Each structure stands twice: as structure tokens, then as C-alpha cells.
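K.L.:
Residue numbers (the working numbering), protein chains in the order written: chain A, 108 to 522; chain B, 108 to 522.
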């Protein structure tokens, strides 16, 4: 099986100013085509360090992917290092220059002189088109090994990788491969990592094939089912069998697959069932509306949202009686319910969600601690309100509350 | 000046299942005590790979920090690799064993047999206490170089680093240091990286002291001023002088320092000036309200927000006349202005922002392409509306629009 190695270039990575998400993105993509990454090197903006890392990486792997250092400024040195590594010189490519000039012209700008350097690539290497920014990528083959330099800006890197690199590597990996890997991700919400791990028991043991790995992010548990077999069909079957097994054990905890977000799954269900929704938020301050409208086409089911941060706004926008807030407090079951009901009535939607809570860091008390959140889902059949206590910091509490609201709605929408 | 190198151990890093936040955390901490990280190596759960990475790291640096591979399972191999690297054997430390047993006893659990391995460390090395989990750290000195192995779980790693490693490294770095480093970050918004780079000209050249590095995230340009000098005061003075220089050149493009977000700076100004704000969002779908309420204490100045996604909502919530939408379209200067004015009138705030645009990926036309956004800021003195075209994808357009709205408000709030 062929292997890959990654070189991340940039002082910002070494000074902790940037978390290197490029390396993890590339690693995941390459593993999915059975081209595993065996090493990653992060080094600073220094020609000799980059050359050394390229040498180390090429001793580990058949494919070397470098990211970063292709920008227009003086500390962008990957171009020069690539030329040094290849033993050639940089040369101007007029086509590239025109492309970069066009980039600025389209935006009614004149190309800064600095950007001209981006039209230079090492002699003997080829450029990769950048359809998002000005930095072209670079690719070269040396002694049967493939070297690829991509921009460091994640958006530009991803688009270039997807358009110009991934198809080529996929082909390369499939030609040489003795074993095939199939991967499936199951996305779960509503239980912690250890609960899910206990439910799955020995299915999670190391050395098992398929291997089941578990990662957690913002309450979403992702189970990675990774099967290895002689041929792709067999690996695929193994993954599918495991998926069925896991779904039987985990039931409604599984909300989706792949990269699906809770908002996407909920949106699909709303659209399928031709239902509409409105939201009324207090402590989450717009996060729930944001998650819902992150999904293209959300206007099919989402009509409006309120961020009623002040008590006065809760009254004037949603019709919540001031005496209710006075008697029970803004963070209470009654107010959450009244927010959901008021929002649904005012918006005329099939569903509405109300959220009120204490996101912190201050504002908590013994009876109502930081992290206390009430979430209410109103529909024409009934109104369900739940009380939660979320932990950690303000950002975590707010996001977890919004995600939990989506999950409550998801469970209501199951057929 | 002494240097550091980081070795991240674990298949989960190489398979992209985990983003290596440990490396960026450690890098930032170490830079703050003038012990810069010059290289990072990420390798899989394999003894020989770990030994090789330790060798490479020790050829780069005086201090080598490894993270991960100290857990109790079969794929945790950092202990063994450390012993091999040091040329010694693992040996049982009874005190460590007792500590691990106590960890379980305190939780009314019996120690699983597997965990016993965590009480072994290489002969000649020392253990570092883990007050959060069961994996002790390991530290050893070889030929004047310091090797430290920390757990991979971020929470455990950070606590162990802060308690047992940071004070020691701080002392070490200050003893040996001929030079001191001072760092300042200036945050800018409103111009691209190349424009700012051109404005700064030769100030950005490599080798200059202070060194000026530039990173970009979601339209925010961060300029890192890194000064090196014989003593801390001198370095600090150099940074301050450069800050003044940069501020003079960049003017209102600089909005803050350190880790400040636009929302935080705007919030501080609103609070200082005792002004209030409401927002009315269409294409940003709650992101602006979210950014504002990310800041603790936002209730001092933010009272409410609307996400008027449908035309009907724009009319019923903000009082926008249907004929205005019919005549000019929902995405138009007139509607943005009317949203801001309607929101301010309804909320009774000093300021209100209205945003309407086409976030895509569909819904664009030749006259009104994807990325077209109108942003209006209304106050009692006047109403300013601007037209923008943002590029890239839906997520980028939405976030950039919300950030740009905050920036428009920031410029209004300058004294």
C-alpha cells in the first residue's frame, strides 16, 4: 500500500497562532482512499527547514503534501524551498500571471506588485489552479514520488485538493493497493462517549476488523467504522453489516451518517414532511437560528426567529406576560414554554422552539446555576419542555443548548 | 536561545480523527517564555516511528515534548519507545501503582488490570503526577537535553503541563536565555492581507527585528509583532514602538489587540458609551446576534434581534412594506435600510443593523449574484447603507457579512 506524508509550513503553526486543521483534513481524506498518512512535519518559514522536511517526508512516503508558504509575502518560502529541493530555479509562468491579474481585475482591483511572485514556480514542476485565491499550487514528480504544495488558507487548500489533487491520488492509490479500506461514519447525539462505549462493549476493542473509533465534538459522537479487506466490495459489506449492528444497539441515538449535522437532518425531515418552524432564543442568542440557516434551502421550512435577550423583548415580541417572568424568572419552564408558544402563534408555523437559560460565566445562583437551560418545542399536538444542566464554558453551554433543541425536534419528527 | 520540538503520538492524529490542538497549545505556551518551538512531528502508534521522531526532535531542539501514547491500551507505546530511545528498560514504580489504584478506589471502582502498565516508566527517568487521569508523565535528561512525555488527552496534558512542566521550563529558558522575546498582536479588519502587507512595506521583511508576521482568519488580519532583545524591557519597548508605527500606518484598520474579537471591541464601546443595539438579519440568519451575544455581559447593550427569513416576516416583524420588496427585491439597499430602521424603531435602541443578501449556493442572478449583501446601520443621526460582494461559499459569505456589519458599527462608534 502506498503511503503519504504531510509537511505543514508556517511560523503561525509553530507559534500556536494557528491550529493545523489542514493536516487533519488531508489525513482523513487520504485515509478514505487507502493512502494512509504515516507522518506529519510542521516547520517554520525557513527554506532549509522546509527542504529538510521534504526530504524526511519523502523517506517515509510515496506522496508528500505540503501546505502553506505560497502567499505573496516575504515569509512565504515554500516556492523557493521546492525549487531548492528539486534542484531547479523558479521561473515565471505567464499564464499564471494572467490568472492572478484576472483575479484582481474581476474584483475591480489592481494586482499589488507583491502578488507577482505567485506566478513563479520551479522549473520542471506544474502549477495547480487556485479557483478561490491567488496562490497556485505546485506539483512535481521525482524518482516515482509525488510532491504537491498547496496553499495554507484552509478554504483555498480544500478546494484545490478536491478539484486537482484528490482524483489523481485516488487513481494512484487504487493502482497500487493490496488491501481496500471502507469507512462509514455514524453520527450520534443524546448520550456521552462512555455510555455509547459501554453499549457497544467489545465491538470497540482494538484489533477488531472493522475497527470502530469514536470521536466527540460539541456533544456529537461520531463512530468511525473502518473495514479492511482484499477487495472493495467485501470491505463495503463489512461496514454495512457493522452499521446495522450499531444501529440496532444505539437506536434513536444515531441521527445520521457521514458529515451530516443535526440541523441538516432536521431540515430534511421538515422539508419532507412539509412542516415549518420558528425559533425564540434567549441565552443561545441566535445560535439555533444560525445552525438552522447554515443549511442551504432552509427558507423552505424556516420562516423567522427572535433573539429576545431582554425581558421587555420577550414581552413585546412574543407576548410573554411580565407577571410570568416576575413570578418564575426569565429562566424557567413556564417562560420557555411561553416563548415557544408565543413564537408559534406569531409566526404561524407548525413547530416553534423556545430556549431560555444561563450561559454564564456570571448570573448563576444556587437554585439556578450557570448551565441551567429550559428548552421547549411547541406543535399543534402538544408542547414539550425539558430542563437541562450543561457544563463547561459559555460557548459550550450555548452551542450544546442549541444542538439539544435540534435533537428534541428531531425526535419529534421521527415517523 | 534554547529551542523546543514537539512529538505528537497517535494514529488518531494521522487519520484525521483528531485535530492536534495539543501542539498549538504547547507552541503558544513555550513561545510566551521565549522557548520557541522549531519543529513538530506527528507519528503513529509505532515504537520505531516514535524513537525516530524523538531522535529528529532532539537534533532540532534542547527540549523535546511528546504527547500521547501513555494510555493503558495495547496501542499506547510511548513508554516503551521512550525506554528504547533512552537505551533502558521499563520498571515498575510502586508509588505510581498505588496512585493509580487510588484513582479508581476514590471512584468506587477496581483498577482494571490493563492500567497496571501505566505504573511502569523507563529506568533512569522520572514520573510526572497526573491529577486528572491515570497516565503519569515521564521526564528524563540526556546529554543536557530534556525529554518530557505528556498524556494525549488535552485536559490531562494541559493540567500536567501547567503544574509540573511549565514552571521548570520557564526557569530553564530564563537561565539560558541570552535574548528575551516580547509579542504583541494587532487585529485588523477592512482590508485584505496583500493590501496591509503593501501598506507596511519593508516593515514586514524577514530578518527584521521586531519580526512582523501576518495571519488571516475570516477577514480578520492578525499582525504578530515579535521583538527579540537582551532584556525583557527592551523587547517590550521595541514592540510598543512598532505597535505605534503600525497603528499610524493602518489607522482605523486596527480594531484591537491580543485575542479581541470585533464583537468584543464593539461591545466595549457600546457599553462605555451607554448605547444599545438591535439587529435584523436575513441572509446571516442569526450569526450577527450570535457574535454579539458570544460576549459575556452583552445584555448591557444588546436587547433583541430578528431573523426575518421570509418576506412575510420582514413585513410583520419589522414593518417593511410589501411593495418595497416587490419593487426592489428582498435583497436591495432599500430593504436593508428599512430593516435597520424598522428594527431600531421597534426595539427603541440607539443603533440597529439590517442585513439582507444572497448567501447561496443558489438564488443568485446576473444582477444580484451570490455573495451580494446590503448592510445598513441606523442611528438617530443618520442611516448608512453599504453594498458588498463577498466571495467563496455560503458559510464564508454569511460570517463575513456579519463581521463587516460589526465593523461598520465599530467605525461609527469611534470617538
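Glycine residues also receive a C-beta, built at the ideal position from the N, C-alpha and C atoms.
Here the structure is a predicted model, which means the values were calculated and not measured.
#1: Count the other CB atoms, across all protein chains shown, that sit within 10 Å of the CB of residue 108(A); report buried if there are 16 or more and exposed otherwise.
#2: Taking CB distances under 8 Å as the criterion, tell me whether residue 312(B) reaches chain A.
#3: Using CA atoms only, rank isn't needed, just tell me which of 206(B), 352(B), 385(B), 313(B) is closest to residue 459(B).
#4: Cβ closer than 7 Å: which chain B residues qualify as neighbours of residue 138(A)?
#5: Evaluate the contact criterion for the segment 126-135 of chain B versus the segment 117-132 of chain A: three or more CB pairs, one atom per stretch, below 8 Å.
#6: Assuming residue 484(B) and residue 516(B) make a contact with CB atoms under 8 Å, what is their CB distance in whole Å?
#7: Is it true that the CB of residue 114(A) sits closer than 8 Å to the CB of residue 190(A)?
#8: According to DSSP, simplified to helix, strand and coil, what is residue 132(A)?
#9: Please identify the residue among 373(B), 453(B), 157(B) whose C-alpha is closest to the C-alpha of residue 521(B).
#10: How about residue 396(A) and residue 464(B): are their beta carbons less than 8 Å apart?
#11: For residue 503(B) and residue 497(B), which I take to be in contact (beta-carbon distance under 8 Å), what is that distance rounded to the nearest angstrom?
#12: DSSP has residue 233(B) in a bridge; who is on the other side?
#13: Along chain A, which residues have their Cβ under 8 Å away from the Cβ of residue 362(B)?
#14: Please report whether the beta-carbon of residue 148(B) lies at a distance below 8 Å from any beta-carbon of chain A.
#15: In angstroms with no decimal places, state the Cα-to-Cα distance between residue 220(B) and residue 187(B).
#16: Going by C-alpha distance, which of 409(B), 147(B), 333(B), 478(B) is nearest residue 415(A)?
#17: With 8 Å set as the bound, which would you pick, yes or no: does the beta-carbon of residue 458(A) sit closer than that to a beta-carbon of chain B?
#18: Decide if residue 388(B) is buried, meaning its Cβ has at least 16 other Cβ atoms within 10 Å, or exposed.
#19: Let me see if you follow: with CB-CB separation under 8 Å, is residue 414(B) close to chain A or not?
#20: Where does residue 126(B) sit, in a helix, a strand or coil, going by DSSP?
#21: In angstroms, rounded to a whole number, what distance separates the CA positions of residue 361(B) and residue 355(B)?
#22: Quick one: give me the first and last residue of the beta strand (DSSP E) that residue 363(B) is part of.
#23: Could you name the residues of the segment 201-226 of chain B whose beta carbon sits closer than 9 Å to any beta carbon of chain A, in the order they occur along the chain?
#24: I want to verify the contact list: residues of chain A whose CB lies under 7 Å from the CB of residue 507(B), in sequence order.
#25: Please give me, in chain order, every unbroken run of the beta strand (DSSP E) with length at least 3 that falls completely inside the segment 295-350 of chain B.
#26: When we look at the beta-carbon of residue 331(B) and count the other beta-carbons within 10 Å, is it buried (16 or more) or exposed?
#27: What are the boundary residues of the alpha helix (DSSP H) that residue 435(A) is part of?
#28: With burial defined as no fewer than 16 other Cβ atoms inside 10 Å of the residue's Cβ, what is the status of residue 286(A): buried or exposed?
#29: Smallest Cα separation from residue 419(A): which of 231(A), 446(A), 411(A)?
#30: Name the DSSP bridge partner or partners of residue 383(B)?
#31: For the segment 167-176 of chain B and the segment 191-198 of chain B, state whether three or more C-beta atom pairs, one from each stretch, are separated by less than 8 Å.
#32: Run down chain A in chain order and give the residues with a C-beta less than 8 Å from the C-beta of residue 302(B).
#33: Just the Cα atoms here: how many angstroms apart are residue 311(B) and residue 304(B)?
#34: Could you compute how far the alpha carbon of residue 242(A) sits from the alpha carbon of residue 117(A)?
#35: For the 8 Å Cβ check, are there 3 or more pairs between the segment 130-145 of chain A and the segment 261-272 of chain A?
#36: Taking the CB atoms as reference points, tell me whether residue 477(B) and residue 121(A) lie closer together than 8 Å.
P.N.:
Put simply:
#1: Here residue 108(A) is taken as the residue at index 1 of the first chain, counted from 1. By the 10 Å Cβ count, residue 108(A) comes out exposed.
#2: Residue 312(B) sits at position 205 when you count from the first residue of the second chain. Closer than 8 Å to some Cβ of chain A, the Cβ of residue 312(B) qualifies, so yes.
#3: Numbered from 1 along the second chain, position 352 holds the residue referred to as residue 459(B). With distances taken between Cα atoms, residue 459(B) lies closest to 385(B).
#4: The residue labelled residue 138(A) in the question sits at position 31 within the first chain. Listed along chain B, the residues sitting closer than 7 Å to residue 138(A) by beta-carbon distance are 122, 123.
#5: Between the segment 126-135 of chain B and the segment 117-132 of chain A there are three or more inter-stretch CB-CB distances shorter than 8 Å, so the stretches are counted as touching.
#6: For the purposes of this step, residue 484(B) is identified with residue 377 of the second chain, where counting begins at 1. For the purposes of this step, residue 516(B) is identified with residue 409 of the second chain, where counting begins at 1. Taking 8 Å as the upper bound for CB-CB distance, residue 484(B) and residue 516(B) are in contact here, some 6 Å apart.
#7: Residue numbering aside, residue 190(A) sits at position 83 when the first chain is read from its first letter. Residue numbering aside, residue 114(A) sits at position 7 when the first chain is read from its first letter. No, the pair does not count as a contact, with Cβ atoms beyond the cut-off.
#8: Taking the first chain and counting its residues from 1, one reaches residue 132(A) at position 25. DSSP places residue 132(A) in helix when its eight states are reduced to three.
#9: Within the second chain, numbered from 1, the residue matching residue 521(B) stands at position 414. Relative to residue 521(B), the option among 373(B), 453(B), 157(B) whose CA is nearest is 373(B).
#10: Here residue 396(A) corresponds to residue number 289 of the first chain, with the count starting at 1. Here residue 464(B) corresponds to residue number 357 of the second chain, with the count starting at 1. It is not a contact, given that the beta carbons lie outside the stated cut-off.
#11: Here residue 503(B) corresponds to residue number 396 of the second chain, with the count starting at 1. Here residue 497(B) corresponds to residue number 390 of the second chain, with the count starting at 1. Contact flag correct, Cβ pair sits at about 7 Å.
#12: As a working mapping, residue 233(B) is identified with position 126 in the second chain. Residue 233(B) has 246(B) as its beta-bridge partners, per DSSP.
#13: As a first step, residue 362(B) must be located in the second chain, where it is residue number 255. Against chain A, the beta carbon of residue 362(B) has no neighbour under 8 Å; the closest one sits roughly 18 Å away.
#14: By one-based count along the second chain, residue 148(B) stands at place 41. Any Cβ of chain A closer than 8 Å to the Cβ of residue 148(B) would place that residue at the interface, and such an atom is present.
#15: As a position in the second chain, residue 220(B) is number 113, starting the count at 1. As a position in the second chain, residue 187(B) is number 80, starting the count at 1. Counting only the Cα atoms, residue 187(B) lies some 18 Å from residue 220(B).
#16: In the first chain, residue 415(A) corresponds to position 308, counting from 1. Minimum Cα distance to residue 415(A) is reached at 409(B).
#17: To locate residue 458(A), count along the first chain from 1; it is residue 351. With a threshold of 8 Å between beta carbons, residue 458(A) makes no contact with chain B.
#18: If you number the second chain from 1, residue 388(B) lands on position 281. In this structure residue 388(B) is buried. Its beta-carbon is surrounded by 16 or more other beta-carbon atoms within 10 angstroms.
#19: For the purposes of this step, residue 414(B) is taken as the residue at position 307 of the second chain. Contacts with chain A at 8 Å (Cβ-Cβ) include residue 414(B).
#20: Within the second chain, the letter at position 19 stands for residue 126(B). Residue 126(B) falls in the coil class under three-state DSSP.
#21: For the purposes of this step, residue 361(B) is taken as the residue at position 254 of the second chain. For the purposes of this step, residue 355(B) is taken as the residue at position 248 of the second chain. Those two C-alpha atoms are separated by around 10 Å.
#22: As a first step, residue 363(B) must be located in the second chain, where it is residue number 256. Unbroken beta strand (DSSP E) run through residue 363(B): 361-364.
#23: Within the segment 201-226 of chain B, no residue qualifies.
#24: For the purposes of this step, residue 507(B) is identified with residue 400 of the second chain, where counting begins at 1. Correct list: empty, because the minimum Cβ distance to chain A is about 11 Å.
#25: Fully enclosed beta strand (DSSP E) runs of 3 or longer: 318-324, 327-336.
#26: Along the second chain, one-based indexing puts residue 331(B) at 224. Its Cβ being crowded by 16 or more others within 10 Å, residue 331(B) is buried.
#27: As a working mapping, residue 435(A) is identified with position 328 in the first chain. Its alpha helix (DSSP H) spans residues 429-435.
#28: Position 179 of the first chain, counted from the first residue, corresponds to residue 286(A). Under this definition residue 286(A) is an exposed residue.
#29: Position 312 of the first chain, counted from the first residue, corresponds to residue 419(A). That would be 446(A), whose Cα lies nearest to the Cα of residue 419(A).
#30: Your numbering for residue 383(B) matches position 276 in the second chain. Its beta-bridge partners do not exist; DSSP assigns none.
#31: With the rule of 3 Cβ pairs closer than 8 Å, the segment 167-176 of chain B does not count as touching the segment 191-198 of chain B.
#32: Counting from 1 along the second chain, the entry for residue 302(B) is found at position 195. Simply 219.
#33: Here the question's residue 311(B) lines up with position 204 in the second chain. Here the question's residue 304(B) lines up with position 197 in the second chain. Near 7 Å, if we compare the C-alpha coordinates of residue 304(B) and residue 311(B).
#34: On the first chain, position 135 is the one that residue 242(A) refers to. On the first chain, position 10 is the one that residue 117(A) refers to. Between residue 242(A) and residue 117(A), the alpha-carbon positions lie close to 15 Å from each other.
#35: The answer is yes - the segment 261-272 of chain A touches the segment 130-145 of chain A, with three or more Cβ pairs under 8 Å.
#36: Position 370 of the second chain, counted from the start, is the residue given in the question as residue 477(B). Position 14 of the first chain, counted from the start, is the residue given in the question as residue 121(A). No.
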